[in-house]
Every structure is written in structure tokens, then in C-alpha cells.
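In this note's numbering, the protein residues as written are 635 to 910. Here a beta-carbon is modelled for each residue, glycine too, at the ideal position from N, C-alpha and C.
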């Protein structure tokens with residue numbers, strides 16, 4: 635289990651991360667949509683990839699669509715490519731299975747939200763259709779109460795939902811995340827000594843920092859530490875974090891390892907999907 639923990643893209647010992655791991659296992663074998671919410675950098679994209687990797691869609695494509703990156707017409711063609719809900723082209727008309735992950739749903743144009751609502755309301759899921767996972771940096775309640783996205787769409791998009799809290803609300807995860815990043819970016823022979831120095835000289839200030847960029851920002855800080863020969867810096871000056879940071883390539887490579895490991899867990903608990 636220690637090796638499995640190290641390979642996980644969802645590192646941490648906090649109750650929130652343990653709940654997230656259980657949630658992922660629980661929904662991975664289902665076909666219903668999932669909504670992931672949480673601030674930028676908390677691991678929504680990684681969570682979506684893990685749901686895909688440990689479920690029945692693992693051998694099919696995983697396609698991420700950043701809603702803010704496309705125009706209204708581009709999204710319409712990409713997702714639907716047709717007017718007939720019974721004979722769609724595009725990603726939602728695909729019969730190759732897999733997962734379609736739409737991130738930043740608060741950025742969707744109203745016309746696309748309307749079409750997705752119709753699709754979700756009419757959809758009769760089968761294994762050939764893509765699994766839909768949605769995400770937003772806003773809490774589900776805020777999406778509904780502030781009318782950031784049409785309420786009917788949010789309801790249909792979130793039969794299963796989880797909020798991933800910011801790093802400042804789960805500071806007990808910081809030592810685990812730092813240790814892992816240091817281990818990944820340090821020669822094996824130097825790790826123990828470097829980690830000992832890091833714990834004494836750097837870790838206390840990292841635990842007290844508010845982390846507006848969350849896990850992505852923390853990972854960048856530790857990587858910068860490993861690249862800095864003098865290992866002398868102040869935390870706020872380390873990283874200029876963008877609004878959205880792509881997942882680490884290493885994490886993507888580790889998903890195949892998790893697929894085999896977690897299938898073993900699921901085989902010992904045939905009712906994993908009923909735990910939610």
C-alpha cells in the first residue's frame with residue numbers, strides 16, 4: 635500500500651482526500667455524469683482522469699474540453715456536430731465509449747448549456763456512449779444560487795458531486811505532497827538528507843502560507859527548491875501560478891498502475907458503487 639500511495643496522483647492523508655479517493659472508486663464503474671468542484675489547482679482534472687482510468691471506460695479515449703478555450707460555434711461542432719439528438723456527430727455522438735471531461739462549465743455559452751441539458755434529459759446511457767464528467771471552480775451551491783449556470787443543467791450534470799477543498803483547508807497534506815515532489819526531483823542517494831533539511835528549513839513556512847494556487851503551486855515551489863543550488867528563497871516569490879495548470883505528465887503515466895491496483899480493490903468489494 636505504501637507504493638500505491640506514492641504512485642497516486644491524489645496524494646494526502648486528510649479526511650477530504652480520503653473521501654475523494656473513496657468517491658472516485660465509488661463512481662468509476664457507474665455511467666451517470668459526475669460533477670467535480672473546487673478551486674483551480676486542487677486536482678479536478680486528475681480526479682477526472684482517475685475516474686476514467688479505474689472504471690469501465692479505461693481502455694477508451696479520455697478527452698478534456700476546456701470550455702473557456704472554444705467559441706460557441708466551435709463547442710457546438712465539437713460536442714454535437716448535428717441537430718438531431720438521436721443521430722449526433724461530435725464527441726457526444728461517439729460510439730467508442732471513453733470519457734468526455736468538460737472543465738469550467740461556468741464558461742459555457744447559454745446555447746451549449748441548453749443543448750447539453752436536452753442531451754442529458756434524453757440520454758439513455760449505454761457503454762458505447764462517452765461518460766460525462768463536468769467541473770467548475772465554483773461550489774455547486776454557488777452555481778445554483780447565483781445563476782452562474784442554468785439550474786436544470788446543474789441538476790442533471792451532478793447526480794454525483796464532490797467538492798475538493800483548497801490546500802489551506804487541508805494543511806496536513808502539505809508534508810506528504812512536499813515529500814513526494816522532493817522524492818521525484820532528487821537523486822535517490824540525496825533524498826534523505828535533502829528531505830531532512832527541507833523539513834527543518836522550509837516546511838514550516840509552507841504550512842503557514844495560504845496557497846492561492848493550491849497543489850499545483852505547491853508542486854512548483856518544491857520543484858523550484860530542487861532546482862535552486864542555494865536553496866534560499868521566500869515562498870510568495872517562488873511561483874507565478876496561472877489560472878489553470880495542466881496535470882503532470884508523470885501522473886498521467888501512473889494511471890495505468892492504478893487501474894490494475896484498484897481493480898483488485900473493486901473485485902473484493904462488488905458493491906463499491908453503492909457506497910455513495
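query	result
Would residue 684 be called buried (16 or more neighbouring beta carbons within 10 Å of its own) or exposed?	buried
Pop quiz: residue 799 and residue 672 are said to be a contact at Cβ under 8 Å. What is the actual Cβ separation, rounded to whole angstroms?	7 Å
At 3 residues or longer, and completely inside the region 656–732: list those beta strand (DSSP E) runs for me, N to C.	668–671 and 696–700
Would the beta-carbon of residue 770 fall within 9 Å of that of residue 778?	no
Helix, strand or coil for residue 888 per DSSP?	No answer about residue 888 holds up, because its pLDDT of 42 lies below 50 and its placement is not dependable.
Does DSSP put residue 742 in a helix, a strand or coil?	coil
For residue 648 and residue 806, I'd like the C-alpha separation in whole angstroms.	6 Å
Mind checking which residues open and close the alpha helix (DSSP H) that includes residue 832?	825–835
Roughly how many angstroms lie between the CA atoms of residue 656 and residue 749, to the nearest whole one?	32 Å
Assuming residue 813 is part of the alpha helix (DSSP H), what are its boundary residues?	808–818
Under the three-state reduction of DSSP, which class applies to residue 652: helix, strand or coil?	helix
Rounded to whole angstroms, how far is the Cβ of residue 585 from the Cβ of residue 736, which I believe are closer than 8 Å?	Examination of residue 585 is not possible in this model, given that the chain is present from 635 through 910 alone.
Could you give the DSSP three-state label for residue 798: helix, strand or coil?	coil
Quick check on DSSP: helix, strand or coil for residue 839?	helix
Below 8 Å on the Cβ atoms is my guess for residue 714 versus residue 724; work out the distance and round it to an integer in Å.	5 Å
Could you compute how far the alpha carbon of residue 809 sits from the alpha carbon of residue 856?	11 Å
Using the beta-carbon count (16 or more within 10 Å), is residue 866 buried or exposed?	For residue 866, the predicted structure reports a pLDDT of 48, less than 50, and the residue's modelled location is therefore unreliable. The matter cannot be settled from this model.
To the nearest angstrom, report how far apart residue 849 and residue 795 are at their CA atoms.	20 Å
Rank 843, 645 and 688 by C-alpha distance to the C-alpha of residue 658 and give the top, closest one.	688
Please report the distance separating the alpha-carbon of residue 646 from that of residue 842.	17 Å
Can you determine whether any heavy atom of the ligand GDP sits closer than 8 Å to the C-beta of residue 836, and answer yes or no?	Among the components modelled here there is no ligand, and therefore nothing to report on the ligand GDP.
Please look up how many angstroms separate the CB atoms of residue 665 and residue 696, rounded, as I've assumed it's under 8 Å.	At roughly 15 Å, the Cβ-Cβ gap does not stay under 8 Å, so residue 665 and residue 696 are not in contact.
Report the three-state DSSP secondary structure of residue 857 (helix, strand or coil).	helix
At the level of alpha carbons, what is the spacing between residue 861 and residue 681?	28 Å
On the criterion of 16 or more Cβ atoms from any shown chain inside 10 Å, does residue 812 qualify as buried, or is it exposed?	buried
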